[in-house]
Amino acid sequence: MVKGNDGKSLRRRTQFHIGLGIGLVILCLVFFLPAKARVKTKRFKHDIRMSSFGLSPRDKFRNSVEDEIRSILEGESFLIELSISFNALSNGSSHDKTNYGTVYGTFCPINWDLQKKNPSLVPMYRELIDQSNCNVNQFNLDFGDVVQKARKYDKSAVNKDSGASRVKSLELGGVAFHESRCGSTLVANLLSASNPEAHRVYSESHPPITVLKACSGSPDCSGEKQARLLQDVIYMMSRSANESESHVFFKIQSIGSYTIPVFADVFPHTPWIFVYRDPLEVLSSHLKKNDDTKMAACLRGLRHPARQVRELVKTHGKELSSLTNVQFCAAHLASLCEAAVLGLELPSSKGLAVNYASLPSAMWESVLPEHFGITMLEDSTTVVERMQALSQVYSKGFRGKQNKEWAQDSDEKQERASSSMRVAADEFMQPYFKRLEVHSRSQ
């Protein structure tokens with residue numbers, strides 16, 4: 002008898018495929034769920050281990066803490082940020098008058114070759130950080146613990162026996178304070194270009210200014226602990242495993258001009274400069290053509306003015322509430338210049354006022370060889386030509402200005418200044434400009 006097709010075979014094949022599919026799903030669930038659980042357990046344990054070293058959760062997928070510390074000790078990773086806990090510098094935070102409390106440092110491997118090749122392309126430390134991929138390579142550690150390990154390592158036989166490439170402390174060649182919008186970035190770039198292989202420049206890096214401002218307006222802040230922390234920060238940022246490097250320089254943010262006495266007290270033998278410019282040109286650069294602007298950098302303190310601004314306005318017989326935005330901007334800039342003047346007039350001051358109008362030649366004629374005491378190892382003509390070439394392109398070579406020829410802009414800034422800018426510059430800024438001129442060798 003011939004077997005008929007009653008559909009049973011089709012049903013069996015369908016049931017088989019459905020069963021196979023369900024089996025695969027169950028197999029996948031059985032395989033993957035425990036794996037995820039194991040990963041979560043591993044991450045949890047890793048987080049506990051990381052937290053014991055003061056690391057944030059974002060660092061949990063990096064190398065081990067030991068590898069991170071080793072990269073710092075061997076001069077591969079550098080300090081990029083600093084976080085000071087609430088009472089770390091408080092007079093009552095510990096029985097020790099000099100040891101600060103909890104401070105965390107953020108570190109990252111920095112590609113210094115970028116600066117050495119062309120500082121105008123990475124004119125600020127933040128650009129160097131970005132281009133070194135620190136957004137994915139950074140890690141956090143207890144700063145005090147790292148400093149202790151670094152100082153011990155630097156004196157160890159392990160470091161001393163490692164040959165010419167061993168980690169060393171670069172000489173602090175000099176520090177640049179400035180008024181803002183006055184050519185200070187050019188100065189930083191020229192410090193690098195004067196000897197790219199030997200010079201490292203930190204242009205407006207966060208750690209130093211974080212420490213310098215830490216005690217501002219805080220009566221409970223310990224000057225001794227602040228000084229110790231500043232010394233440690235500069236020490237860590239000055240370490241180098243590069244045989245060719247010899248000097249390190251810092252350009253501090255303009256607001257750091259208020260802290261010149263703090264710096265000078267901690268580093269009394271280190272030369273420093275204050276870069277300034279014609280008052281109207283600086284004010285015009287900040288405000289552009291808009292007297293009513295609220296976006297200018299000089300207006301950031303409008304709601305909470307610094308003590309120095311309040312005192313300066315008072316000496317001019319005015320009330321802060323009565324100032325226009327233009328007047329407030331001028332008062333803010335004047336207070337920075339006043340702070341510099343006071344620093345220059347300190348006993349045994351190592352400061353020098355540098356007028357923008359004297360740049361770039363002042364750098365190779367007086368600042369580097371005379372004030373900073375830097376010996377030019379190359380032929381002087383070669384050094385000057387390299388610095389001249391760099392000064393002819395935009396100092397901040399980004400946003401479409403990479404290696405583009407720079408044009409003198411003093412006349413343009415003078416011409417576009419409004420009448421209210423001229424009055425404010427004369428009233429608030431001009432007196433301190435004249436005092437700075439007395440301290441400038443350009444006169």
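Residue 160 in our numbering is what sits at position 159 of the sequence shown, and the numbering runs on without skipping anything.
Where a beta carbon is used, it is the ideal one built from N, C-alpha and C, also for glycine.
Within 9 Å, strictly: CB atoms of residue i and residue j
i           : j           : result
residue 463 : residue 437 : Absent from the structure is residue 463, since the part of the chain shown begins at 2 and ends at 444.
residue 133 : residue 112 : yes
residue 273 : residue 184 : no
residue 177 : residue 253 : yes
residue 99  : residue 86  : no
residue 108 : residue 74  : no
residue 83  : residue 219 : no
residue 350 : residue 265 : yes
residue 168 : residue 240 : yes
residue 204 : residue 194 : no
residue 307 : residue 336 : yes
residue 422 : residue 331 : yes
Identified DSSP bridge partners for residue i
i           : result
residue 143 : 105
residue 175 : 250
residue 184 : BP columns for residue 184 are empty, so no partner.
residue 353 : 274
residue 110 : 78
residue 203 : 251
residue 169 : 241
residue 84  : 105
residue 441 : 354
residue 394 : 406
residue 367 : In the DSSP output, where bridge partners are listed per residue, residue 367 has none listed.
Same chain, Cβ closer than 6 Å to residue i, neighbours up to 5 away in sequence not counted
i           : result
residue 213 : 257, 260 and 263
residue 206 : 126
residue 440 : 345 and 354
residue 333 : 299 and 310
residue 411 : 282
residue 372 : 272 and 353
Burial state of residue i, where buried means 16 or more other Cβ atoms lie within 10 Å
i           : result
residue 229 : buried
residue 202 : buried
residue 355 : buried
residue 408 : exposed
residue 158 : exposed
residue 34  : Residue confidence for residue 34 is low, a pLDDT of 45 falling below 50, so the modelled location carries little weight and cannot support an answer.
residue 131 : exposed
residue 305 : exposed
residue 399 : exposed
residue 196 : buried
residue 187 : buried
residue 162 : exposed
8 Å Cβ shell around residue i - same chain, five flanking residues per side excluded
i           : result
residue 434 : 277, 279, 280 and 338
residue 370 : 376 and 377
Own chain, CB closer than 7 Å to residue i, minus 5 neighbours either side, in chain order
i           : result
residue 110 : 72, 77, 78, 133 and 138
residue 403 : 122
Three or more beta-carbon pairs under 8 Å between the stretch 241-257 and the stretch 149-158, yes or no? Short answer: they don't touch.
Using a Cβ distance threshold of 8 Å, determine whether the stretch 289-308 contacts the stretch 321-336, with at least three qualifying pairs required. Touching, yes.
I'd like to know if the stretch 354-369 and the stretch 386-396 are in contact, where contact means that at least 3 CB-CB pairs between them fall below 8 Å. As far as the Cβ criterion goes, the stretch 354-369 touches the stretch 386-396, which means the pair count is three or higher.
Assess contact between the stretch 367-384 and the stretch 393-409, defined as three or more Cβ pairs (one per stretch) separated by less than 8 Å. Is contact present? Contact between the stretch 367-384 and the stretch 393-409 is absent: fewer than three C-beta pairs spanning the two stretches fall below 8 Å.
With a threshold of 8 Å, are at least 3 pairs of Cβ atoms found where one atom belongs to the stretch 265-283 and the other to the stretch 105-121? No, they do not touch.
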